[in-house]
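The working numbering puts the sequence shown at residues 438 to 509. Yeah, the Cβ is synthetic: ideal placement off N, Cα and C, and Gly gets one too. Before any comments, here is the structure.
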Amino acid sequence: MTRYEFLCAKIESGELKEWYPYGVSPHLLSWKEIYEYHLLFPELSQVQIAGDLRTSKSKVQRALEFMNQEHT
């Protein structure tokens with residue numbers, strides 16, 4: 438299971454809302470959106486995704502790398 442799949446499961450179950458008081462980083466949700474955009478348009482480069490989402494290429498790169506890792 439990737440970190441993206443784990444995060445989606447926690448959102449779907451409602452568990453993620455319980456974590457907010459304990460400091461769940463808000464960037465995870467923006468990284469999730471970036472990863473979903475990548476899944477919708479896998480042919481786009483990181484630069485194109487960054488341009489479409491009006492963010493930096495480095496943020497796109499960090500998001501894709503993080504969300505694609507195995508959740509342990």
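Give the C-beta separation of Y459 and L501 to the nearest angstrom, bearing in mind that I take them to be a contact with Cβ-Cβ under 8 Å.
Incorrect: roughly 26 Å between the Cβ atoms, too far for contact.
Note down the Cα distance separating Y457 from E480, rounded to an integer number of angstroms.
One C-alpha to the other measures close to 34 Å.
Using the C-alpha atoms, what's the distance from E442 back to L490?
Their backbone Cα atoms lie some 21 Å apart in a straight line.
Nearest by alpha-carbon distance to W468: which of T509, C445, G451 is it?
Residue C445 is the option with its Cα nearest to W468.
Provide the residue(s) that pair with L507 in DSSP beta bridges, ordered along the chain.
Leu is not the amino acid found at residue 507; the sequence shown has Glu there. E507 is bridged to T439.
Assigned exposure category for H475 - 16 Cβ within 10 Å defines buried
A residue is called buried once 16 or more other Cβ atoms fall within 10 Å of its Cβ, and H475 is buried on that count.
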